[in-house]
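Notes to accompany the following structure.
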Amino acid sequence: MKIKLKNIIISGFIAALILPFILITDLFPFARFGMFAEPVSSADTLKIFEAEFYQNHQWHNLNAKQFNMASGSFMYLARNYYYRNQSQEFLNKLSQAIPDTSIYAWRLKFIQISGNNPQQADTIIIETLIIR
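Just so we're aligned, residue 1 is where the sequence shown starts under this note's numbering, counting upward by one.
Okay, here's the thing in structure tokens:
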């Protein structure tokens, strides 16, 4: 009887220690490296993704609201596809969602603005998709 009670108490104590870690949903070290996680970087930089389309012999910025898309949703999708190295697929889906026949090409740009010097920005053209 004493051994059974002792085993129950030890098992309960171990379960009480381990159970919170099993039930927790956003354990910090694991959440940071999750499916949609970004690489660790300093928080003083602003990262912006822009899509442009080539129409009438010039590049135009895509206004997400003009095509019934929230700008936050566009940024989330662009960032997600960029960090998964699927920018070409993102531009394909974007061109299918906006089927304008006068658009010749699409490109995705990544703009990084330093918090120390907002006048200085780095712009990278990630991907270009030529439709026709």
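Note that CB positions come from ideal geometry on N, CA and C, so glycine has one too. A quick note: this is a predicted structure, and the numbers were derived from the prediction, not measured.
As a beta-bridge residue in DSSP terms, F53 pairs with H60 and W106. In this structure, Y104 sits away from I126, with a CB-CB distance that is not shorter than 8 Å.
Here the region 45-54 lies against the region 97-117, with 3 or more beta-carbon pairs under 8 Å apart. In the three-state reduction of the DSSP assignment, Q112 falls in the strand class. By the 16-neighbour rule on beta-carbons within 10 angstroms, Y81 is buried. In the DSSP annotation of this structure, the continuous segment of the alpha helix (DSSP H) that includes A78 starts and ends at S71 to Y83. For F67, there is no enclosing alpha helix (DSSP H), as DSSP marks it with neither H nor E. Under DSSP, the beta-bridge partners assigned to L46 are I113.
In the displayed model, I9 falls within a helix according to three-state DSSP. Excluding sequence positions up to five before and after M75, its CB lies within less than 8 Å of the CB of I48 and F49, all in the same chain and listed in chain order. In this structure, the beta-carbon distance from S73 to L129 does not fall below 8 Å.
Around the beta-carbon of L91, 16 or more other beta-carbon atoms lie within 10 Å, marking it buried.
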